[in-house]
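Below is one structure, written out as C-alpha coordinates; comments come after it.
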(Lines of atoms letter the chains of each structure in order from A; the text may use other names.)
(Lines give C-alpha, C1' and ligand atoms only; values in the text may rest on other atoms or scores of the structure.)
Protein backbone atom coordinates (compact mmCIF):
# COMPACT_ATOMS: atom_id res chain seq x y z
CA UNK A 1 0.00 0.00 0.00
CA UNK A 2 1.09 3.58 -0.66
CA UNK A 3 0.94 6.96 1.08
CA UNK A 4 -0.73 9.91 -0.61
CA UNK A 5 -0.72 13.52 0.61
CA UNK A 6 -3.56 15.75 -0.64
CA UNK A 7 -3.82 19.50 -0.11
CA UNK A 8 -7.39 20.68 -0.45
CA UNK A 9 -8.58 17.18 0.39
CA UNK A 10 -11.73 18.07 2.34
CA UNK A 11 -13.78 19.26 -0.65
CA UNK A 12 -14.64 18.30 -4.20
CA UNK A 13 -11.98 16.60 -6.28
CA UNK A 14 -9.49 16.19 -3.44
CA UNK A 15 -12.12 14.71 -1.14
CA UNK A 16 -13.29 12.22 -3.77
CA UNK A 17 -9.70 11.17 -4.41
CA UNK A 18 -9.01 10.79 -0.69
CA UNK A 19 -12.14 8.67 -0.20
CA UNK A 20 -11.23 6.41 -3.12
CA UNK A 21 -7.65 5.82 -1.91
CA UNK A 22 -8.88 5.11 1.61
CA UNK A 23 -11.34 2.50 0.34
CA UNK A 24 -8.50 0.90 -1.59
CA UNK A 25 -6.47 0.54 1.62
CA UNK A 26 -3.90 3.30 1.15
CA UNK A 27 -2.66 5.77 3.76
CA UNK A 28 -4.13 9.22 3.09
CA UNK A 29 -2.87 12.48 4.57
CA UNK A 30 -5.27 15.39 4.06
CA UNK A 31 -4.14 18.99 4.52
CA UNK A 32 -6.94 21.50 4.88
CA UNK A 33 -8.73 24.03 7.04
CA UNK A 34 -11.80 22.10 8.20
CA UNK A 35 -11.34 19.15 10.51
CA UNK A 36 -15.13 18.83 10.66
CA UNK A 37 -15.27 18.01 6.96
CA UNK A 38 -12.41 15.58 7.38
CA UNK A 39 -14.12 13.53 10.09
CA UNK A 40 -16.56 12.02 7.59
CA UNK A 41 -13.61 10.80 5.53
CA UNK A 42 -11.81 9.42 8.55
CA UNK A 43 -14.51 6.91 9.54
CA UNK A 44 -12.84 4.18 7.52
CA UNK A 45 -9.24 3.58 6.59
CA UNK A 46 -5.84 4.99 7.50
CA UNK A 47 -6.67 8.69 7.33
CA UNK A 48 -4.66 11.56 8.82
CA UNK A 49 -5.48 15.26 8.98
CA UNK A 50 -3.16 18.25 9.23
CA UNK A 51 -4.94 21.56 9.74
CA UNK A 52 -3.35 24.55 8.01
CA UNK A 53 -3.94 27.84 6.22
CA UNK A 54 -1.85 27.25 3.12
CA UNK A 55 -1.77 30.94 2.18
CA UNK A 56 0.88 31.42 4.87
CA UNK A 57 4.52 30.45 4.24
CA UNK A 58 5.05 29.59 7.91
CA UNK A 59 2.11 27.18 7.82
CA UNK A 60 3.40 25.45 4.69
CA UNK A 61 6.84 24.99 6.25
CA UNK A 62 5.34 23.70 9.50
CA UNK A 63 3.09 21.21 7.73
CA UNK A 64 5.71 19.87 5.33
CA UNK A 65 8.12 19.37 8.23
CA UNK A 66 5.44 17.48 10.17
CA UNK A 67 4.57 15.29 7.19
CA UNK A 68 8.21 14.49 6.45
CA UNK A 69 8.73 13.49 10.09
CA UNK A 70 5.61 11.33 10.37
CA UNK A 71 5.73 9.75 6.89
CA UNK A 72 9.25 8.85 5.74
CA UNK A 73 7.92 7.68 2.35
CA UNK A 74 5.33 9.59 0.32
CA UNK A 75 4.35 7.97 -2.98
CA UNK A 76 2.00 10.66 -4.33
CA UNK A 77 1.64 14.35 -3.60
CA UNK A 78 -1.56 15.99 -4.88
CA UNK A 79 -1.52 19.80 -4.84
CA UNK A 80 -5.13 20.88 -5.06
CA UNK A 81 -5.80 23.59 -2.46
CA UNK A 82 -7.97 26.33 -3.95
CA UNK A 83 -9.84 29.40 -2.79
CA UNK A 84 -10.98 32.19 -5.11
CA UNK A 85 -10.62 35.91 -4.42
CA UNK A 86 -11.63 38.10 -7.33
CA UNK A 87 -10.27 41.26 -5.74
CA UNK A 88 -6.67 41.80 -4.62
CA UNK A 89 -6.10 40.29 -1.19
CA UNK A 90 -2.85 40.22 0.79
CA UNK A 91 -1.71 37.62 3.30
CA UNK A 92 -0.37 38.55 6.73
CA UNK A 93 3.14 37.89 5.36
CA UNK A 94 2.72 40.42 2.56
CA UNK A 95 2.00 38.18 -0.43
CA UNK A 96 -0.81 38.55 -2.94
CA UNK A 97 -3.37 35.77 -2.37
CA UNK A 98 -2.99 33.97 -5.71
CA UNK A 99 0.80 34.16 -5.55
CA UNK A 100 0.72 32.72 -2.03
CA UNK A 101 -1.80 29.90 -2.47
CA UNK A 102 -1.41 28.87 -6.09
CA UNK A 103 2.35 29.32 -6.39
CA UNK A 104 4.24 29.56 -3.09
CA UNK A 105 2.29 26.84 -1.28
CA UNK A 106 2.67 24.37 -4.13
CA UNK A 107 6.34 25.25 -4.55
CA UNK A 108 7.06 24.74 -0.84
CA UNK A 109 5.25 21.40 -0.69
CA UNK A 110 6.96 20.06 -3.82
CA UNK A 111 10.35 21.31 -2.63
CA UNK A 112 10.24 20.40 1.05
CA UNK A 113 8.86 16.90 0.45
CA UNK A 114 11.46 15.96 -2.16
CA UNK A 115 13.30 13.65 0.23
CA UNK A 116 10.26 11.60 1.29
CA UNK A 117 9.04 11.50 -2.31
CA UNK A 118 12.50 10.39 -3.40
CA UNK A 119 12.28 7.48 -0.96
CA UNK A 120 9.29 6.05 -2.86
CA UNK A 121 9.69 3.59 -5.71
CA UNK A 122 7.56 5.52 -8.23
CA UNK A 123 6.86 9.00 -6.79
CA UNK A 124 4.47 11.42 -8.47
CA UNK A 125 3.50 15.04 -7.91
CA UNK A 126 0.03 15.73 -9.33
CA UNK A 127 -0.50 19.49 -9.38
CA UNK A 128 -3.84 21.04 -10.37
CA UNK A 129 -2.07 24.16 -11.64
CA UNK A 130 -3.76 24.55 -15.03
CA UNK A 131 -1.20 24.53 -17.87
CA UNK A 132 -1.42 27.06 -20.67
CA UNK A 133 -0.15 30.46 -19.47
CA UNK A 134 1.74 32.74 -21.91
CA UNK A 135 5.46 33.38 -21.55
CA UNK A 136 4.90 37.03 -20.67
CA UNK A 137 2.44 36.28 -17.83
CA UNK A 138 5.01 36.90 -15.08
CA UNK A 139 5.46 40.48 -13.91
CA UNK A 140 9.00 40.11 -12.65
CA UNK A 141 9.15 43.70 -11.42
CA UNK A 142 5.77 43.47 -9.66
CA UNK A 143 5.16 39.89 -8.53
CA UNK A 144 2.62 40.99 -5.91
CA UNK A 145 0.67 42.86 -8.61
CA UNK A 146 0.49 46.22 -6.89
CA UNK A 147 -0.17 47.89 -10.25
CA UNK A 148 -3.03 47.05 -12.59
CA UNK A 149 -4.36 44.03 -10.69
CA UNK A 150 -7.06 41.79 -12.12
CA UNK A 151 -7.99 38.24 -11.22
CA UNK A 152 -7.12 37.10 -14.74
CA UNK A 153 -3.63 38.61 -14.55
CA UNK A 154 -3.06 37.02 -11.13
CA UNK A 155 -4.34 33.65 -12.32
CA UNK A 156 -2.15 33.58 -15.42
CA UNK A 157 0.92 34.63 -13.47
CA UNK A 158 0.46 31.93 -10.81
CA UNK A 159 -0.01 29.32 -13.54
CA UNK A 160 3.19 30.39 -15.30
CA UNK A 161 5.10 30.38 -12.01
CA UNK A 162 3.77 26.89 -11.32
CA UNK A 163 5.15 25.68 -14.64
CA UNK A 164 8.57 27.17 -13.96
CA UNK A 165 8.68 25.63 -10.49
CA UNK A 166 7.67 22.23 -11.89
CA UNK A 167 10.28 22.57 -14.67
CA UNK A 168 12.98 22.82 -12.01
CA UNK A 169 11.64 20.20 -9.58
CA UNK A 170 10.66 17.39 -11.97
CA UNK A 171 13.23 14.63 -12.33
CA UNK A 172 13.78 11.17 -13.75
CA UNK A 173 12.71 9.78 -10.36
CA UNK A 174 10.12 12.27 -9.06
CA UNK A 175 7.67 12.80 -11.92
CA UNK A 176 5.65 16.02 -12.01
CA UNK A 177 2.26 16.42 -13.75
CA UNK A 178 0.44 19.71 -14.28
CA UNK A 179 -3.18 18.61 -14.36
CA UNK A 180 -6.32 20.41 -15.54
CA UNK A 181 -9.37 18.51 -14.26
CA UNK A 182 -11.78 20.62 -16.29
CA UNK A 183 -15.03 21.91 -14.80
CA UNK A 184 -15.83 19.77 -11.77
CA UNK A 185 -19.06 19.84 -9.78
CA UNK A 186 -17.63 21.02 -6.44
CA UNK A 187 -18.43 23.57 -3.76
CA UNK A 188 -16.14 26.10 -5.52
CA UNK A 189 -14.60 27.54 -2.38
CA UNK A 190 -14.03 31.28 -2.47
CA UNK A 191 -15.14 34.77 -1.59
CA UNK A 192 -17.82 34.91 -4.27
CA UNK A 193 -20.80 37.23 -4.19
CA UNK A 194 -24.31 35.81 -3.97
CA UNK A 195 -24.96 36.26 -7.70
CA UNK A 196 -21.62 34.81 -8.79
CA UNK A 197 -22.00 31.82 -6.49
CA UNK A 198 -25.50 31.14 -7.79
CA UNK A 199 -24.32 31.30 -11.39
CA UNK A 200 -21.37 28.99 -10.70
CA UNK A 201 -23.69 26.58 -8.91
CA UNK A 202 -26.08 26.41 -11.86
CA UNK A 203 -23.24 25.91 -14.35
CA UNK A 204 -21.72 23.22 -12.16
CA UNK A 205 -24.97 21.27 -12.12
CA UNK A 206 -25.43 21.62 -15.88
CA UNK A 207 -21.85 21.18 -17.12
CA UNK A 208 -19.69 20.04 -14.24
CA UNK A 209 -18.36 16.50 -13.94
CA UNK A 210 -19.14 14.84 -10.58
CA UNK A 211 -15.95 14.59 -8.49
CA UNK A 212 -16.28 10.81 -8.19
CA UNK A 213 -16.11 10.56 -11.98
CA UNK A 214 -13.59 13.38 -12.48
CA UNK A 215 -10.91 11.57 -10.45
CA UNK A 216 -10.74 8.66 -12.91
CA UNK A 217 -7.95 10.18 -15.08
CA UNK A 218 -6.06 11.17 -11.92
CA UNK A 219 -6.18 7.61 -10.63
CA UNK A 220 -4.88 6.40 -13.96
CA UNK A 221 -1.94 8.82 -13.76
CA UNK A 222 -1.18 7.67 -10.22
CA UNK A 223 -1.21 4.01 -11.20
CA UNK A 224 0.53 4.55 -14.55
CA UNK A 225 2.68 7.61 -14.10
CA UNK A 226 4.10 9.29 -17.21
CA UNK A 227 7.48 8.20 -18.50
CA UNK A 228 8.84 11.75 -18.75
CA UNK A 229 9.86 13.96 -15.79
CA UNK A 230 7.37 16.77 -16.53
CA UNK A 231 4.07 16.51 -18.39
CA UNK A 232 0.69 18.25 -18.68
CA UNK A 233 -2.83 16.86 -19.01
CA UNK A 234 -6.40 17.99 -19.59
CA UNK A 235 -8.32 15.20 -17.89
CA UNK A 236 -6.94 12.10 -19.65
CA UNK A 237 -5.53 13.95 -22.66
CA UNK A 238 -1.82 14.68 -22.87
CA UNK A 239 -1.03 18.32 -23.67
CA UNK A 240 1.97 20.03 -25.19
CA UNK A 241 3.90 21.84 -22.48
CA UNK A 242 4.35 25.59 -22.64
CA UNK A 243 7.85 26.73 -23.51
CA UNK A 244 10.09 27.20 -20.47
CA UNK A 245 13.83 27.67 -20.09
CA UNK A 246 16.27 26.72 -17.37
CA UNK A 247 17.29 30.40 -17.14
CA UNK A 248 13.72 31.51 -16.47
CA UNK A 249 13.19 28.74 -13.91
CA UNK A 250 16.46 29.64 -12.18
CA UNK A 251 15.42 33.28 -12.06
CA UNK A 252 12.22 32.30 -10.28
CA UNK A 253 14.16 30.04 -7.91
CA UNK A 254 16.45 32.91 -6.89
CA UNK A 255 13.58 35.34 -6.43
CA UNK A 256 11.57 32.81 -4.41
CA UNK A 257 14.56 32.07 -2.17
CA UNK A 258 14.95 35.82 -1.57
CA UNK A 259 11.26 36.25 -0.68
CA UNK A 260 11.25 33.25 1.65
CA UNK A 261 14.44 34.51 3.26
CA UNK A 262 12.74 37.83 4.01
CA UNK A 263 9.86 36.00 5.66
CA UNK A 264 12.30 33.96 7.77
CA UNK A 265 14.03 37.13 8.98
CA UNK A 266 10.72 38.55 10.22
CA UNK A 267 9.76 35.44 12.19
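Numbering (my numbering), first residue to last: 1 to 267. Glycine included, every Cβ here is placed at the ideal spot set by N, Cα and C. Keep in mind the model is a prediction, meaning the values are calculated, not measured.
Are the region 74 to 82 and the region 7 to 14 in contact at 8 Å, needing three or more beta carbon pairs? Yes, since at least three Cβ pairs between the region 74 to 82 and the region 7 to 14 fall closer than 8 Å, the two stretches touch.
Rounded to whole angstroms, what's the CA-CA distance from residue 175 to residue 169? Just pull it up for me. Stepping through the chain shown from its first residue, residue 175 is reached at position 175. Stepping through the chain shown from its first residue, residue 169 is reached at position 169. Rounded to whole angstroms, residue 175 to residue 169 spans 9 Å at the Cα level.
Along the chain, where does the alpha helix (DSSP H) that runs through residue 37 open and close? If you number the chain shown from 1, residue 37 lands on position 37. From DSSP, the alpha helix (DSSP H) with residue 37 extends over 35 to 41.
Report, in whole angstroms, the separation of the C-beta atoms of residue 101 and residue 83, which I expect to be a contact under 8 Å. Walking along the chain shown from the start, residue 101 turns up at place 101. Walking along the chain shown from the start, residue 83 turns up at place 83. About 6 Å separates the two Cβ atoms, so the contact holds.
Bounding residues of the beta strand (DSSP E) (the contiguous stretch that carries residue 222): Residue numbering aside, residue 222 sits at position 222 when the chain shown is read from its first letter. Annotation for residue 222: no beta strand (DSSP E) segment contains it, though the alpha helix (DSSP H) segment containing it runs 216 to 223.
What residue range does the alpha helix (DSSP H) around residue 128 cover? Position 128 of the chain shown, counted from the start, is the residue given in the question as residue 128. From DSSP, residue 128 is part of no alpha helix (DSSP H); its letter is neither H nor E.
For residue 264, which of helix, strand or coil comes out of DSSP? In the chain shown, residue 264 corresponds to position 264, counting from 1. It is helical.
Inside the region 103 to 180 only - beta strand (DSSP E) runs reaching at least 3 residues: Within the region 103 to 180, the complete beta strand (DSSP E) runs of at least 3 residues are 124 to 127 and 175 to 180.
With a cut-off of 8 Å on the beta carbons, I'd call residue 164 and residue 244 a contact; round off their distance for me. Counting from one through the chain shown, the residue named residue 164 turns up at place 164. Counting from one through the chain shown, the residue named residue 244 turns up at place 244. Contact holds; Cβ gap of about 6 Å.
With a 10 Å radius around its C-beta and 16 neighbouring C-beta atoms as the bar for buried, classify residue 27 as buried or exposed. The sequence position of residue 27 within the chain shown is 27, counting from 1. That one is buried.
By how many angstroms is the C-alpha of residue 259 removed from the C-alpha of residue 111? Walking along the chain shown from the start, residue 111 turns up at place 111. Walking along the chain shown from the start, residue 259 turns up at place 259. Rounded to whole angstroms, residue 111 to residue 259 spans 15 Å at the Cα level.
Which of helix, strand or coil DSSP assigns to residue 238: By one-based count along the chain shown, residue 238 stands at place 238. Reduced to three states, the DSSP call for residue 238 is strand.
What are the start and end residues of each continuous alpha helix (DSSP H) run of 4 or more residues lying completely inside the region 45 to 92, in chain order? 57 to 70, all fully within the region 45 to 92.
In terms of residue numbering, what span does the alpha helix (DSSP H) encompassing residue 12 cover? Residue mapping note: residue 12 aligns to position 12 of the chain shown, counting from 1. Counting along the chain, the alpha helix (DSSP H) containing residue 12 begins and ends at 12 to 23.
Quick check on residue 256: does DSSP put it in helix, strand or coil? In the chain shown, the residue the question calls residue 256 occupies position 256. Residue state, collapsed to three classes: helix.
Under 8 Å between C-beta atoms of residue 35 and residue 51: Translated into positions along the chain shown, residue 35 becomes position 35. Translated into positions along the chain shown, residue 51 becomes position 51. Yes, they are a contact pair.
Nearest residue (CA-CA) to residue 224, options 43, 85, 121 and 116: Along the chain shown, read from residue 1 onward, the residue named residue 224 stands at position 224. Answer by Cα proximity: 121.
Is residue 50 close to the ligand MN? I mean its beta-carbon at under 7 Å from any heavy atom of the ligand. Of the ligands one can find in the structure shown there are none, so the ligand MN has no counterpart to examine.
What residue range is occupied by the uninterrupted beta strand (DSSP E) comprising residue 31? Working through the chain shown from its first residue, we reach residue 31 at position 31. The continuous beta strand (DSSP E) containing residue 31 extends over residues 27 to 32.
Taking all protein chains shown into account, decide if residue 39 is buried (16 or more other Cβ within 10 angstroms of its Cβ) or exposed. For the purposes of this step, residue 39 is taken as the residue at position 39 of the chain shown. Residue environment: residue 39 is assigned as exposed (fewer than 16 neighbouring CB atoms within 10 Å of its CB, all protein chains considered).
Do you know whose CA, among 211, 135 and 232, lies nearest residue 247's CA? For this step, residue 247 is matched to residue 247 along the chain shown. Looking at the Cα atoms, 135 is the closest of the given residues.
Is it right to say residue 264 is buried, meaning 16 or more other beta carbons lie within 10 angstroms of its own, or is it exposed? For the purposes of this step, residue 264 is identified with residue 264 of the chain shown, where counting begins at 1. Sixteen is the threshold: since fewer than 16 other Cβ atoms of the shown chains lie within 10 Å of the Cβ of residue 264, the residue is exposed.
Collapsed DSSP secondary structure at residue 232 in the structure displayed: Mapped onto the chain shown, residue 232 falls at position 232. When secondary structure is reduced to three states using DSSP, residue 232 falls in the strand class.
Pair within 8 Å by beta-carbon distance, residue 179 and residue 233: Stepping through the chain shown from its first residue, residue 179 is reached at position 179. Stepping through the chain shown from its first residue, residue 233 is reached at position 233. With contacts defined as CB atoms closer than 8 Å, residue 179 and residue 233 qualify as a contacting pair.
C-alpha distance - residue 12 paired with residue 126, whole-angstrom precision: On the chain shown, position 12 is the one that residue 12 refers to. On the chain shown, position 126 is the one that residue 126 refers to. For residue 12 and residue 126, the gap between their C-alpha atoms comes out near 16 Å.
Which first and last residues belong to the beta strand (DSSP E) in which residue 3 is found? Counting from one through the chain shown, the residue named residue 3 turns up at place 3. The continuous beta strand (DSSP E) containing residue 3 extends over residues 3 to 7.
Is residue 230 closer than 8 Å to residue 241 when the C-beta atoms are compared? Locating residue 241 in the chain shown gives position 241, where the first residue counts as 1. Locating residue 230 in the chain shown gives position 230, where the first residue counts as 1. For residue 241 and residue 230, yes; Cβs fall inside 8 Å.
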